[in-house]
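Chains as they are written, first to last, in the UniProt record's numbering: chain A, 1 to 128; chain B, 1 to 128. By construction, the Cβ of each residue, glycine as well, lies at the ideal position given by its N, Cα and C atoms. All remarks here apply to the structure that follows.
2 protein chains.
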Amino acid sequence: MNIGAVARRLNLPAKTIRYYEDIGLLRPPRDENGYRHFRETDVHKLAFLARARALGFTIEDCRALLSLYEDAGRESVRVKRIAEDHLARIDEKIEHLRSLRSTLAHLIECCAGDHRPDCPILEDLGQG
Amino acid sequence: MNIGAVARRLNLPAKTIRYYEDIGLLRPPRDENGYRHFRETDVHKLAFLARARALGFTIEDCRALLSLYEDAGRESVRVKRIAEDHLARIDEKIEHLRSLRSTLAHLIECCAGDHRPDCPILEDLGQG
DNA sequence: CTTGACCTTCCAGTGGCTGGAAGCCCCAGG
DNA sequence: CCTGGGGCTTCCAGCCACTGGAAGGTCAAG
């Protein structure tokens, strides 16, 4: 399969696929004309990466996960640890966003939002 | 005040302050030796920017908010709209993270996390 | 006079792509 | 045989909001 076909099949931009090759996540062979030739294993790896990325894992996490995926002698605790760390980072982000959200929502409530210049949002930002 | 003093006072890296000048968010005058000289108004603007950034507004939002802040004839609805859009984006992010979180937490629960290779996390990523 | 803390500019890198230019490859239609 | 259009290639630049570091000027203390 050529890159375009893979891109359509996985719903992944061709640019992204080239980028993944660039940073060494996969190494599809080339046809005589220089085109990348994706075997089923390459497509499968790509699908794995796409799903891991969709779960929010960083590229480096994905690299580690992929190598564990391909290592029949892995210990599942290694995978679990990566996932737990990721979960913890997600929880931090959610907590941070919730805190922003609550401050922001309060300020918005206090603002009349009309043609007059008085604005508690700006006042708050201005004197913290 | 020199940049270092401002940086300490606002707890903002000097690099960031220079960057803000670079992108035109403020324009502190210079001393004869070329050092930036921050007047109270400059420090005040910087503090405004720092708080807006801490609330998660983008730099472009900050630019707009600052210009509204300095415009005595503003209509508060313009400020409110920026804040509401930002709130909506935050809500989207929270929702997205919550969805990731729930998938991930489920996978983690299913994984033994021991020395054996069997791993539902990898299985899931591998076959979607 | 030296030391060390400060300041300056400029260039490069972060993450994870994304856009675009320039140019080759291939196939169908006229 | 030529042309057009799509797909493929590489490479360079840009996104956001900084951050790090090099090379060099400035200043106050000892």
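Item: CA-to-CA distance, B/CYS62 to B/TYR69, given in whole angstroms; Value: 10 Å
Item: Residues from the UniProt domain "HTH merR-type" (1–68) of chain A in contact with chain B, defined by Cβ distance under 8 Å; Value: HIS44, ALA47, PHE48, ARG51, ALA52, LEU55, GLY56, LEU65, LEU68
Item: The segment 66–83 of chain A / the segment 27–41 of chain A touching (three or more Cβ pairs under 8 Å); Value: no
Item: Closer than 8 Å to chain B by CB, A/ASP114; Value: yes
Item: Burial state of A/ALA54 (16 or more Cβ within 10 Å); Value: exposed
Item: Residues near B/ARG74 by beta carbon distance below 7 Å, same chain, minus five either side; Value: LEU68
Item: Three-state secondary structure (DSSP) of B/VAL51; Value: Checking the displayed sequence, the identity of residue 51 of chain B turns out to be Arg instead of Val. The answer is helix: DSSP assigns B/ARG51 an H, G or I state.
Item: C-beta contact flag for B/LEU104 and A/LYS93 at 8 Å; Value: no
Item: Neighbour-count burial assignment, A/SER99, 16 or more Cβ in a 10 Å radius; Value: exposed
Item: The segment 87–113 of chain B: positions lying closer than 8 Å to chain A by Cβ; Value: LEU87, ILE90, ASP91, LYS93, ILE94, LEU97, ARG98, LEU100, ARG101, THR103, LEU104, ALA105, LEU107, ILE108, CYS111, ALA112, GLY113
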